[in-house]
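In order, the protein sequences belong to chains A and B. The first sequence lines up with residues 0 to 114 when you count with the numbering used here. The second sequence lines up with residues 0 to 114 when you count with the numbering used here. All C-beta atoms in this analysis are idealised placements derived from N, C-alpha and C, irrespective of residue type, glycine included.
Protein chains: 2
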Amino acid sequence: MSLDSKIAARLKRNPEGLVPAIAQQFDTGEVLMLAWMNDEALHRTLTTGRATYWSRSRGEFWVKGDTSGHVQHVKAVALDCDGDTVLVKVDQVGAACHTGDRTCFDADQLQIPLG
Amino acid sequence: MSLDSKIAARLKRNPEGLVPAIAQQFDTGEVLMLAWMNDEALHRTLTTGRATYWSRSRGEFWVKGDTSGHVQHVKAVALDCDGDTVLVKVDQVGAACHTGDRTCFDADQLQIPLG
Numbered sequence: 000m001s002l003d004s005k006i007a008a009r010l011k012r013n014p015e016g017l018v019p020a021i022a023q024q025f026d027t028g029e030v031l032m033l034a035w036m037n038d039e040a041l042h043r044t045l046t047t048g049r050a051t052y053w054s055r056s057r058g059e060f061w062v063k064g065d066t067s068g069h070v071q072h073v074k075a076v077a078l079d080c081d082g083d084t085v086l087v088k089v090d091q092v093g094a095a096c097h098t099g100d101r102t103c104f105d106a107d108q109l110q111i112p113l114g
Numbered sequence: 000m001s002l003d004s005k006i007a008a009r010l011k012r013n014p015e016g017l018v019p020a021i022a023q024q025f026d027t028g029e030v031l032m033l034a035w036m037n038d039e040a041l042h043r044t045l046t047t048g049r050a051t052y053w054s055r056s057r058g059e060f061w062v063k064g065d066t067s068g069h070v071q072h073v074k075a076v077a078l079d080c081d082g083d084t085v086l087v088k089v090d091q092v093g094a095a096c097h098t099g100d101r102t103c104f105d106a107d108q109l110q111i112p113l114g
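Okay, structure coming up:
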């Protein structure tokens with residue numbers, strides 16, 4: 000089993016064979032995290048219903064929540080207009096971030112010196 | 000003028016000196032698009048209130064909306080937990096996508112063979 004050939008033909012991967020994948024909470028719209036997928040990770044995400052990434056640091060597939068219990072149940076998946084980014088709408092169990100925060104963007108708000 | 004040194008110290012850039020930037024509609028939560036920023040683009044985004052990216056295809060700064068009129072007014076900016084992704088909450092004027100769609104993820108929903 001591998002990624003549907005019509006989807007694979009539309010994907011534009013970086014030199015490492017990866018595309019960025021944005022995980023979004025399907026009902027609240029929160030942006031939870033950004034991770035990376037190769038073809039097989041996208042295939043597994045589409046067919047298992049569990050968001051699955053490629054861990055660049057560990058060099059292995061990463062089924063989100065397998066270690067932490069903080070599973071992402073997949074609700075919808077879309078490619079962007081030029082096929083180089085994936086949006087994964089999920090139902091996030093618990094915290095998306097390894098720090099324990101709900102999202103990976105909660106801790107580091109930048110000051111914007113605007114009126 | 001350049002990017003605040005404390006922010007620059009936290010940024011983890013790819014080999015091209017870029018980080019992915021997710022643009023999200025601040026009130027509805029829609030994920031609009033993903034583009035790329037270098038330090039200067041982030042600096043300009045934080046200081047001008049207009050979302051500004053680095054166009055990898057054109058090799059130049061890209062002030063979103065300068066050509067199309069589809070401006071992104073910046074409401075908030077956050078780094079993720081490991082400093083390698085930026086989330087930009089914006090008020091998007093008109094369509095975010097060059098195709099005329101509201102978001103770059105509207106056109107290509109993938110079938111997920113789930114129950």
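Checklist entry - Are C103 of chain A and M36 of chain A touching if we call contact CB-CB under 9 Å? => result Your numbering for residue 103 of chain A matches position 104 in the first sequence. Your numbering for residue 36 of chain A matches position 37 in the first sequence. No; because the gap between Cβ atoms is not below 9 Å, this pair is not in contact.
Next on the checklist: By DSSP's criteria, T51 of chain B is part of a beta bridge. Which residues make up the other side?
Outcome noted: Stepping through the second sequence from its first residue, residue 51 of chain B is reached at position 52. Answer is B:V62, bridged to T51 of chain B.
Next on the checklist: What does the Cβ neighbour count give for K88 of chain B, buried or exposed, with the cut at 16 atoms within 10 Å?
Outcome noted: For the purposes of this step, residue 88 of chain B is taken as the residue at position 89 of the second sequence. Its Cβ being crowded by 16 or more others within 10 Å, K88 of chain B is buried.
Next on the checklist: With distance defined between alpha-carbon atoms, name the residue in A:A34, A:A50, A:F25, A:D100 nearest to G64 of chain A.
Outcome noted: Position 65 of the first sequence, counting from 1, holds the residue named residue 64 of chain A. When each option's Cα is compared against that of G64 of chain A, the closest is A:A50.
Item to check | chain B residues whose Cβ lies nearer than 9 Å to that of Q108 of chain A | outcome: For this step, residue 108 of chain A is matched to residue 109 along the first sequence. Within chain B, the residues near Q108 of chain A are A75, V76, A77, L78.
Next on the checklist: Once the 5 residues before and after L86 of chain B are set aside, which same chain residues still bring their CB inside 6 Å of it?
Outcome noted: Working through the second sequence from its first residue, we reach residue 86 of chain B at position 87. For L86 of chain B, where only same-chain residues beyond five positions count, the Cβ hits under 6 Å are I21, A77.
Next on the checklist: Does the CB of E29 of chain A have a neighbour CB from chain B at under 9 Å?
Outcome noted: On the first sequence, residue 29 of chain A is found 30 positions in, with the first residue counted as 1. Yes, E29 of chain A counts as interfacial toward chain B.
Next on the checklist: Counting C-beta neighbours from all protein chains within 10 Å, is the total for R55 of chain A 16 or more, i.e. buried, or is it exposed?
Outcome noted: Numbered from its first residue, the first sequence carries residue 55 of chain A at position 56. R55 of chain A should be labelled exposed.
Checklist entry - Just by C-beta distance, which residues in the segment 24 to 50 of chain A are closer than 9 Å to chain B? => result Q24, T27, G28, E29, V30, M32, L33, L41, T44, L45, T46, T47, G48
Next on the checklist: What ranges does the beta strand (DSSP E) occupy inside the segment 0 to 58 of chain B, keeping only unbroken runs of at least 3 residues that lie completely in it?
Outcome noted: 18 to 24, 30 to 36, 51 to 54
Checklist entry - Are V73 of chain B and I111 of chain A touching if we call contact CB-CB under 9 Å? => result Locating residue 73 of chain B in the second sequence gives position 74, counting from the first residue. Locating residue 111 of chain A in the first sequence gives position 112, counting from the first residue. The answer is yes: Cβ separation under 9 Å.
Checklist entry - What's the C-alpha gap between R101 of chain B and D107 of chain B? => result Here the question's residue 101 of chain B lines up with position 102 in the second sequence. Here the question's residue 107 of chain B lines up with position 108 in the second sequence. R101 of chain B and D107 of chain B: Cα-Cα distance of roughly 13 Å.
Checklist entry - With 16 other CB atoms within 10 Å as the buried threshold, where does T27 of chain B fall? => result By 1-based counting over the second sequence, the position of residue 27 of chain B is 28. Under this definition T27 of chain B is an exposed residue.
Item to check | Under the three-state DSSP convention, the category Q110 of chain A falls into | outcome: As a working mapping, residue 110 of chain A is identified with position 111 in the first sequence. Q110 of chain A: coil per DSSP, three-state reduction.
Next on the checklist: Rounded to whole angstroms, what is the Cα-Cα separation between D90 of chain B and E29 of chain B?
Outcome noted: Against the second sequence, residue 90 of chain B aligns to sequence position 91. Against the second sequence, residue 29 of chain B aligns to sequence position 30. About 11 Å.
Checklist entry - How would you list, in chain order, the residues of chain A whose beta-carbon sits under 8 Å from the beta-carbon of H97 of chain B? => result As a first step, residue 97 of chain B must be located in the second sequence, where it is residue number 98. Under the 8 Å cutoff, chain A gives C80.
Checklist entry - Which residues in chain A sit within 9 Å of L86 of chain B, going by Cβ to Cβ distance? => result As a first step, residue 86 of chain B must be located in the second sequence, where it is residue number 87. Within 9 Å Cβ-Cβ: V30, L33, T102, C103, F104.
Item to check | Which listed residue (B:C80, B:A34, B:W53) has its alpha carbon closest to that of W61 of chain B | outcome: Residue numbering aside, residue 61 of chain B sits at position 62 when the second sequence is read from its first letter. Nearest of B:C80, B:A34, B:W53 to W61 of chain B, Cα basis: B:W53.
Checklist entry - D90 of chain B by DSSP, collapsed to three states: which one? => result Locating residue 90 of chain B in the second sequence gives position 91, counting from the first residue. In the structure shown, D90 of chain B sits in a strand (DSSP, three-state: E or B).
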